[in-house]
Amino acid sequence: MAEIKRKGKNKKNQFMFLKDSIMTGISYMIPVIVGGGVLQAIAKMLGGYDIGSHMDEIDTLAKTIMLIGQALMSFTVPAIAAFIAYAMADKPGIAPGLAMGALANTLNTGFVGGLVGGILVGYLVIAMKKIKVPKVLSGIMPILVIPVVVTLVSGLLMYYVFGIPIKGFMTALTSFLTSLSGGSKFLFGAVIGAMICADHGGPINKTAALFVNGLNADGFLIPTSAKMCAGMTAPLGIALATFLGGKKKFSDGEREQAKSLVVLSACYVQEGVIPFLMKDPVRVAISCMTGGAITGGLCMMSALESPAVHGGAFVIAMTSNPLMFIGYWFLGAFITGGLYAVLRRPLPEGYVDDEDMNSPLI
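Going left to right, the sequence shown walks through residues 1 to 362 as full-length UniProt numbering numbers them.
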(Lines of atoms letter the chains of each structure in order from A and count residues from 1; the text may use other names and numbers.)
(Lines give C-alpha, C1' and ligand atoms only; values in the text may rest on other atoms or scores of the structure.)
Protein backbone atom coordinates (compact mmCIF):
# COMPACT_ATOMS: atom_id res chain seq x y z
CA MET A 1 0.00 0.00 0.00
CA ALA A 2 1.36 3.40 -0.94
CA GLU A 3 3.00 5.29 1.84
CA ILE A 4 2.08 8.92 2.28
CA LYS A 5 5.27 10.92 2.54
CA ARG A 6 4.62 14.53 3.37
CA LYS A 7 8.12 15.88 3.97
CA GLY A 8 9.26 18.01 1.12
CA LYS A 9 5.97 17.63 -0.79
CA ASN A 10 6.05 21.36 -1.59
CA LYS A 11 9.19 20.75 -3.61
CA LYS A 12 7.27 18.51 -6.01
CA ASN A 13 5.67 19.95 -9.09
CA GLN A 14 1.89 19.75 -9.26
CA PHE A 15 1.91 16.85 -11.71
CA MET A 16 3.95 14.63 -9.38
CA PHE A 17 1.91 15.77 -6.39
CA LEU A 18 -1.34 14.81 -8.13
CA LYS A 19 0.08 11.56 -9.44
CA ASP A 20 1.29 10.45 -6.00
CA SER A 21 -2.03 11.42 -4.43
CA ILE A 22 -4.04 9.50 -7.03
CA MET A 23 -1.83 6.41 -6.66
CA THR A 24 -2.32 6.58 -2.89
CA GLY A 25 -6.08 6.70 -3.41
CA ILE A 26 -5.88 3.73 -5.79
CA SER A 27 -3.79 1.69 -3.35
CA TYR A 28 -6.37 2.18 -0.60
CA MET A 29 -9.25 1.49 -2.97
CA ILE A 30 -7.95 -1.85 -4.28
CA PRO A 31 -8.64 -3.84 -1.07
CA VAL A 32 -12.23 -2.60 -1.20
CA ILE A 33 -12.65 -3.80 -4.79
CA VAL A 34 -10.89 -7.10 -4.13
CA GLY A 35 -12.88 -7.81 -0.96
CA GLY A 36 -16.22 -6.86 -2.48
CA GLY A 37 -15.53 -8.65 -5.74
CA VAL A 38 -14.36 -11.89 -4.14
CA LEU A 39 -17.32 -11.98 -1.74
CA GLN A 40 -19.75 -11.50 -4.62
CA ALA A 41 -17.94 -14.19 -6.59
CA ILE A 42 -18.32 -16.60 -3.64
CA ALA A 43 -22.03 -15.78 -3.52
CA LYS A 44 -22.31 -16.55 -7.24
CA MET A 45 -20.53 -19.86 -6.75
CA LEU A 46 -22.99 -20.82 -4.00
CA GLY A 47 -26.19 -19.40 -5.46
CA GLY A 48 -25.65 -19.27 -9.20
CA TYR A 49 -24.00 -16.74 -11.47
CA ASP A 50 -27.26 -14.82 -11.92
CA ILE A 51 -28.02 -14.52 -8.19
CA GLY A 52 -27.97 -10.74 -8.41
CA SER A 53 -31.01 -10.73 -10.70
CA HIS A 54 -33.34 -12.52 -8.26
CA MET A 55 -32.22 -11.38 -4.82
CA ASP A 56 -35.81 -10.50 -3.79
CA GLU A 57 -36.97 -14.05 -4.42
CA ILE A 58 -34.52 -15.89 -2.16
CA ASP A 59 -33.33 -15.89 1.44
CA THR A 60 -30.17 -17.98 1.55
CA LEU A 61 -26.58 -17.83 2.80
CA ALA A 62 -25.51 -16.97 -0.76
CA LYS A 63 -27.83 -13.94 -0.70
CA THR A 64 -26.35 -12.77 2.62
CA ILE A 65 -22.81 -13.06 1.30
CA MET A 66 -23.87 -11.22 -1.85
CA LEU A 67 -25.33 -8.39 0.21
CA ILE A 68 -22.11 -8.12 2.23
CA GLY A 69 -20.04 -8.02 -0.95
CA GLN A 70 -22.32 -5.41 -2.51
CA ALA A 71 -22.15 -3.31 0.65
CA LEU A 72 -18.35 -3.35 0.59
CA MET A 73 -18.25 -2.65 -3.15
CA SER A 74 -20.45 0.42 -2.64
CA PHE A 75 -17.53 2.02 -0.77
CA THR A 76 -15.20 1.78 -3.78
CA VAL A 77 -15.78 5.30 -5.13
CA PRO A 78 -15.98 6.95 -1.68
CA ALA A 79 -12.70 5.21 -0.77
CA ILE A 80 -10.72 6.59 -3.71
CA ALA A 81 -12.20 10.08 -3.26
CA ALA A 82 -11.50 10.14 0.49
CA PHE A 83 -7.95 8.84 0.26
CA ILE A 84 -6.96 11.06 -2.64
CA ALA A 85 -8.13 13.99 -0.51
CA TYR A 86 -6.30 12.53 2.50
CA ALA A 87 -3.07 12.16 0.52
CA MET A 88 -3.34 15.76 -0.63
CA ALA A 89 -4.55 17.48 2.54
CA ASP A 90 -4.33 15.08 5.52
CA LYS A 91 -7.23 14.21 7.84
CA PRO A 92 -9.48 17.23 7.13
CA GLY A 93 -9.92 15.89 3.60
CA ILE A 94 -11.36 12.49 4.62
CA ALA A 95 -14.96 13.47 5.49
CA PRO A 96 -15.50 15.76 2.46
CA GLY A 97 -13.83 13.12 0.29
CA LEU A 98 -16.24 10.44 1.49
CA ALA A 99 -19.11 12.80 0.77
CA MET A 100 -17.89 13.43 -2.78
CA GLY A 101 -17.55 9.68 -3.38
CA ALA A 102 -21.09 9.08 -2.15
CA LEU A 103 -22.33 11.97 -4.30
CA ALA A 104 -20.51 10.49 -7.31
CA ASN A 105 -22.45 7.26 -6.75
CA THR A 106 -25.71 9.21 -6.54
CA LEU A 107 -24.96 11.15 -9.74
CA ASN A 108 -23.81 7.96 -11.53
CA THR A 109 -20.46 9.56 -12.38
CA GLY A 110 -18.68 6.44 -11.16
CA PHE A 111 -14.95 6.10 -10.64
CA VAL A 112 -14.09 9.26 -12.59
CA GLY A 113 -16.46 11.31 -10.44
CA GLY A 114 -14.80 10.02 -7.29
CA LEU A 115 -11.35 10.82 -8.63
CA VAL A 116 -12.36 14.37 -9.62
CA GLY A 117 -14.19 14.86 -6.32
CA GLY A 118 -11.18 13.76 -4.30
CA ILE A 119 -8.87 16.15 -6.14
CA LEU A 120 -11.36 18.99 -5.76
CA VAL A 121 -11.63 18.40 -2.02
CA GLY A 122 -7.85 18.17 -1.65
CA TYR A 123 -7.21 21.56 -3.22
CA LEU A 124 -10.06 23.23 -1.33
CA VAL A 125 -8.77 21.94 2.00
CA ILE A 126 -5.23 23.08 1.15
CA ALA A 127 -6.61 26.53 0.33
CA MET A 128 -8.60 26.75 3.57
CA LYS A 129 -5.59 25.72 5.63
CA LYS A 130 -3.81 28.85 4.42
CA ILE A 131 -6.48 31.12 5.84
CA LYS A 132 -5.24 32.83 9.00
CA VAL A 133 -7.78 32.63 11.83
CA PRO A 134 -7.72 33.73 15.50
CA LYS A 135 -5.97 31.28 17.78
CA VAL A 136 -9.23 30.53 19.57
CA LEU A 137 -10.68 29.14 16.32
CA SER A 138 -7.63 27.18 15.18
CA GLY A 139 -8.65 24.08 17.14
CA ILE A 140 -12.06 23.73 15.50
CA MET A 141 -10.92 24.49 11.95
CA PRO A 142 -9.87 20.93 11.00
CA ILE A 143 -12.78 19.16 12.75
CA LEU A 144 -15.68 21.54 12.08
CA VAL A 145 -15.11 24.51 9.79
CA ILE A 146 -12.99 22.89 7.04
CA PRO A 147 -15.05 19.67 6.67
CA VAL A 148 -18.37 21.53 6.60
CA VAL A 149 -17.33 24.34 4.26
CA VAL A 150 -15.33 22.11 1.91
CA THR A 151 -18.10 19.50 1.74
CA LEU A 152 -20.66 22.16 0.89
CA VAL A 153 -18.55 23.99 -1.71
CA SER A 154 -17.15 20.89 -3.39
CA GLY A 155 -20.58 19.22 -3.32
CA LEU A 156 -22.21 22.17 -5.07
CA LEU A 157 -19.42 22.26 -7.66
CA MET A 158 -19.75 18.52 -8.28
CA TYR A 159 -23.51 18.69 -8.61
CA TYR A 160 -23.85 21.78 -10.78
CA VAL A 161 -20.53 22.03 -12.65
CA PHE A 162 -18.60 18.76 -12.93
CA GLY A 163 -21.31 16.14 -12.52
CA ILE A 164 -23.08 16.56 -15.86
CA PRO A 165 -20.02 16.33 -18.16
CA ILE A 166 -18.54 13.42 -16.14
CA LYS A 167 -21.85 11.55 -16.29
CA GLY A 168 -21.97 12.19 -20.03
CA PHE A 169 -18.46 10.83 -20.44
CA MET A 170 -19.25 7.70 -18.41
CA THR A 171 -22.45 7.11 -20.39
CA ALA A 172 -20.54 7.44 -23.66
CA LEU A 173 -17.83 5.09 -22.41
CA THR A 174 -20.45 2.56 -21.33
CA SER A 175 -22.11 2.70 -24.74
CA PHE A 176 -18.76 2.33 -26.48
CA LEU A 177 -17.74 -0.74 -24.47
CA THR A 178 -21.09 -2.48 -24.87
CA SER A 179 -21.15 -1.83 -28.64
CA LEU A 180 -17.72 -3.26 -29.40
CA SER A 181 -17.70 -6.03 -31.99
CA GLY A 182 -15.49 -9.14 -31.83
CA GLY A 183 -12.52 -7.57 -33.61
CA SER A 184 -12.81 -4.32 -31.67
CA LYS A 185 -13.02 -6.23 -28.39
CA PHE A 186 -9.84 -8.12 -29.26
CA LEU A 187 -8.02 -4.88 -30.09
CA PHE A 188 -9.22 -3.23 -26.88
CA GLY A 189 -8.07 -6.19 -24.79
CA ALA A 190 -4.78 -6.37 -26.69
CA VAL A 191 -4.01 -2.74 -25.88
CA ILE A 192 -4.71 -3.41 -22.19
CA GLY A 193 -2.57 -6.55 -22.19
CA ALA A 194 0.32 -4.88 -24.00
CA MET A 195 0.34 -1.88 -21.65
CA ILE A 196 0.22 -4.12 -18.57
CA CYS A 197 3.27 -6.03 -19.87
CA ALA A 198 5.20 -2.97 -21.09
CA ASP A 199 7.10 -1.96 -17.95
CA HIS A 200 5.92 -4.38 -15.24
CA GLY A 201 4.67 -2.03 -12.55
CA GLY A 202 5.93 1.19 -14.15
CA PRO A 203 3.88 4.20 -15.31
CA ILE A 204 2.48 2.52 -18.45
CA ASN A 205 1.38 -0.50 -16.43
CA LYS A 206 -0.16 1.67 -13.73
CA THR A 207 -2.02 3.81 -16.26
CA ALA A 208 -3.68 0.74 -17.76
CA ALA A 209 -4.38 -0.73 -14.33
CA LEU A 210 -5.92 2.55 -13.13
CA PHE A 211 -8.31 2.59 -16.10
CA VAL A 212 -9.28 -1.08 -15.78
CA ASN A 213 -9.75 -0.88 -12.01
CA GLY A 214 -12.06 2.05 -12.59
CA LEU A 215 -14.10 0.03 -15.07
CA ASN A 216 -14.28 -2.80 -12.54
CA ALA A 217 -15.59 -0.41 -9.91
CA ASP A 218 -18.32 0.61 -12.35
CA GLY A 219 -19.33 -2.99 -13.06
CA PHE A 220 -17.27 -3.83 -16.17
CA LEU A 221 -15.52 -7.05 -15.19
CA ILE A 222 -14.20 -8.31 -18.55
CA PRO A 223 -11.26 -5.84 -18.87
CA THR A 224 -10.17 -6.97 -15.39
CA SER A 225 -9.53 -10.49 -16.63
CA ALA A 226 -7.59 -9.08 -19.60
CA LYS A 227 -5.44 -7.06 -17.21
CA MET A 228 -4.69 -9.78 -14.68
CA CYS A 229 -4.34 -12.72 -17.06
CA ALA A 230 -2.03 -10.73 -19.36
CA GLY A 231 0.05 -9.58 -16.38
CA MET A 232 0.52 -13.16 -15.25
CA THR A 233 1.93 -14.23 -18.63
CA ALA A 234 5.15 -12.19 -18.48
CA PRO A 235 6.88 -13.75 -15.42
CA LEU A 236 5.95 -17.29 -16.41
CA GLY A 237 6.97 -16.58 -20.01
CA ILE A 238 10.44 -15.31 -19.04
CA ALA A 239 10.92 -18.32 -16.78
CA LEU A 240 9.97 -20.58 -19.68
CA ALA A 241 12.37 -18.71 -22.00
CA THR A 242 15.32 -19.47 -19.73
CA PHE A 243 14.43 -23.16 -19.96
CA LEU A 244 14.01 -23.13 -23.74
CA GLY A 245 17.08 -20.99 -24.37
CA GLY A 246 19.29 -23.03 -22.09
CA LYS A 247 22.86 -22.27 -21.08
CA LYS A 248 23.75 -20.86 -24.50
CA LYS A 249 21.47 -17.86 -24.04
CA PHE A 250 20.97 -17.55 -20.29
CA SER A 251 23.53 -17.55 -17.51
CA ASP A 252 23.31 -19.76 -14.44
CA GLY A 253 22.31 -16.77 -12.35
CA GLU A 254 19.50 -15.81 -14.72
CA ARG A 255 18.14 -19.33 -14.86
CA GLU A 256 18.25 -19.59 -11.08
CA GLN A 257 16.57 -16.22 -10.72
CA ALA A 258 13.87 -17.24 -13.19
CA LYS A 259 12.68 -20.05 -10.91
CA SER A 260 11.08 -17.50 -8.61
CA LEU A 261 9.17 -16.03 -11.55
CA VAL A 262 6.93 -19.10 -11.66
CA VAL A 263 5.66 -18.34 -8.16
CA LEU A 264 5.48 -14.60 -8.86
CA SER A 265 3.43 -15.28 -11.98
CA ALA A 266 0.88 -17.25 -9.98
CA CYS A 267 0.70 -14.38 -7.49
CA TYR A 268 0.27 -11.75 -10.25
CA VAL A 269 3.52 -10.01 -9.31
CA GLN A 270 5.31 -8.70 -12.39
CA GLU A 271 8.22 -6.85 -10.81
CA GLY A 272 10.42 -9.97 -10.99
CA VAL A 273 10.71 -9.43 -14.75
CA ILE A 274 12.36 -6.01 -14.31
CA PRO A 275 15.98 -7.31 -13.98
CA PHE A 276 15.58 -9.09 -17.33
CA LEU A 277 13.97 -5.99 -18.84
CA MET A 278 16.87 -3.83 -17.66
CA LYS A 279 19.46 -6.15 -19.20
CA ASP A 280 17.69 -6.67 -22.52
CA PRO A 281 14.95 -4.04 -22.76
CA VAL A 282 13.87 -4.22 -26.40
CA ARG A 283 13.61 -8.00 -26.77
CA VAL A 284 12.01 -8.52 -23.36
CA ALA A 285 9.48 -5.76 -23.99
CA ILE A 286 8.57 -7.10 -27.45
CA SER A 287 8.17 -10.65 -26.14
CA CYS A 288 6.16 -9.76 -23.04
CA MET A 289 3.93 -7.25 -24.81
CA THR A 290 3.18 -9.72 -27.60
CA GLY A 291 2.16 -12.49 -25.22
CA GLY A 292 0.21 -10.04 -23.05
CA ALA A 293 -1.58 -8.49 -26.03
CA ILE A 294 -2.77 -11.84 -27.38
CA THR A 295 -3.92 -12.96 -23.94
CA GLY A 296 -5.70 -9.68 -23.21
CA GLY A 297 -7.39 -9.70 -26.60
CA LEU A 298 -8.65 -13.26 -26.17
CA CYS A 299 -9.98 -12.49 -22.69
CA MET A 300 -11.97 -9.54 -24.01
CA MET A 301 -13.24 -11.32 -27.08
CA SER A 302 -14.34 -14.32 -24.98
CA ALA A 303 -16.15 -12.07 -22.45
CA LEU A 304 -14.14 -13.65 -19.62
CA GLU A 305 -15.03 -11.83 -16.39
CA SER A 306 -12.99 -11.40 -13.21
CA PRO A 307 -14.58 -9.69 -10.20
CA ALA A 308 -11.21 -9.41 -8.43
CA VAL A 309 -8.62 -6.89 -9.67
CA HIS A 310 -5.74 -8.72 -7.97
CA GLY A 311 -4.94 -12.12 -6.54
CA GLY A 312 -3.63 -14.13 -9.49
CA ALA A 313 -4.10 -17.89 -9.22
CA PHE A 314 -5.84 -17.49 -5.86
CA VAL A 315 -8.91 -15.90 -7.48
CA ILE A 316 -9.05 -17.87 -10.75
CA ALA A 317 -11.95 -19.88 -9.32
CA MET A 318 -13.89 -16.61 -9.03
CA THR A 319 -13.71 -15.89 -12.77
CA SER A 320 -16.59 -16.70 -15.09
CA ASN A 321 -14.57 -19.50 -16.74
CA PRO A 322 -11.56 -20.68 -14.70
CA LEU A 323 -10.33 -23.21 -17.29
CA MET A 324 -10.40 -20.58 -20.02
CA PHE A 325 -8.46 -18.18 -17.79
CA ILE A 326 -5.78 -20.81 -17.14
CA GLY A 327 -5.62 -21.67 -20.83
CA TYR A 328 -5.10 -18.04 -21.87
CA TRP A 329 -2.52 -17.58 -19.09
CA PHE A 330 -0.44 -20.52 -20.29
CA LEU A 331 -0.92 -19.61 -23.96
CA GLY A 332 0.39 -16.09 -23.38
CA ALA A 333 3.29 -17.43 -21.33
CA PHE A 334 4.29 -19.88 -24.08
CA ILE A 335 4.12 -17.12 -26.69
CA THR A 336 6.24 -14.81 -24.52
CA GLY A 337 8.70 -17.57 -23.59
CA GLY A 338 9.06 -18.99 -27.08
CA LEU A 339 9.49 -15.58 -28.67
CA TYR A 340 12.10 -14.41 -26.18
CA ALA A 341 14.00 -17.70 -26.40
CA VAL A 342 14.30 -17.09 -30.15
CA LEU A 343 15.03 -13.34 -29.98
CA ARG A 344 17.58 -13.52 -27.17
CA ARG A 345 21.16 -13.45 -28.44
CA PRO A 346 23.59 -16.15 -27.31
CA LEU A 347 25.80 -15.15 -24.41
CA PRO A 348 29.26 -13.81 -25.31
CA GLU A 349 32.13 -16.26 -25.07
CA GLY A 350 33.27 -16.58 -21.45
CA TYR A 351 30.34 -14.54 -20.12
CA VAL A 352 30.00 -14.56 -16.34
CA ASP A 353 27.24 -13.09 -14.20
CA ASP A 354 27.89 -9.56 -13.03
CA GLU A 355 27.14 -8.84 -9.39
CA ASP A 356 24.64 -6.33 -10.70
CA MET A 357 21.95 -8.41 -12.40
CA ASN A 358 20.63 -5.25 -14.04
CA SER A 359 23.79 -4.62 -16.06
CA PRO A 360 23.06 -4.63 -19.80
CA LEU A 361 24.22 -7.43 -22.06
CA ILE A 362 27.23 -6.71 -24.25
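Every residue gets a Cβ at the ideal spot worked out from N, C-alpha and C, and that includes glycine.
Which value, in whole angstroms, describes the spacing of the CA atoms of residue i and residue j?
| i | j | result |
| --- | --- | --- |
| G36 | K259 | 33 Å |
| L98 | R283 | 45 Å |
| I326 | G292 | 14 Å |
| K167 | G101 | 14 Å |
| T233 | I126 | 43 Å |
| residue 387 | C197 | For residue 387 there is no data in the structure shown, the boundaries of the chain being 1 and 362. |
| A82 | V153 | 16 Å |
| G139 | T64 | 43 Å |
| K91 | Q270 | 33 Å |
| P96 | N105 | 14 Å |
| E3 | D59 | With a pLDDT of only 46 at E3, under 50, the local geometry of the prediction cannot be trusted, and the value read off the model is given with reservation. If I take the Cα positions, the gap works out to 42 Å. |
| K279 | V212 | 29 Å |
| P142 | M170 | 34 Å |
Specify, as a first and last residue, the run of the alpha helix (DSSP H) that residue i falls within.
| i | result |
| --- | --- |
| L277 | 274-279 |
| N216 | 203-217 |
| D252 | 252-266 |
| residue 363 | Nothing can be reported for residue 363: it is not among the residues displayed for the chain, which extend from 1 to 362. |
| K129 | 110-129 |
| Y86 | 76-89 |
| G231 | 222-249 |
| T64 | 61-73 |
Secondary structure at residue i, three-state DSSP: helix, strand or coil?
| i | result |
| --- | --- |
| P322 | helix |
| P147 | helix |
| E349 | coil |
| R283 | helix |
| I94 | helix |
| D20 | helix |
| F169 | helix |
| N13 | coil |
| K132 | coil |
The ligand ZN heavy atoms versus the CB of residue i: any closer than 7 Å?
| i | result |
| --- | --- |
| V38 | Although the ligand ZN was asked about, the structure shown includes no ligands whatsoever. |
Here's the rule: buried if 16 or more other CB atoms are within 10 angstroms of the residue's CB, otherwise exposed. What is residue i?
| i | result |
| --- | --- |
| V150 | buried |
| A172 | exposed |
| D199 | buried |
| L277 | buried |
| Q14 | exposed |
| L72 | buried |
| R345 | exposed |
| P275 | buried |
| L264 | buried |
| V133 | exposed |
Is the separation between the beta-carbon of residue i and that of residue j shorter than 8 Å?
| i | j | result |
| --- | --- | --- |
| G337 | G237 | yes |
| A79 | M23 | no |
| M300 | A226 | yes |
| I222 | G296 | no |
| I84 | G113 | no |
| M318 | V38 | yes |
| G214 | F111 | yes |
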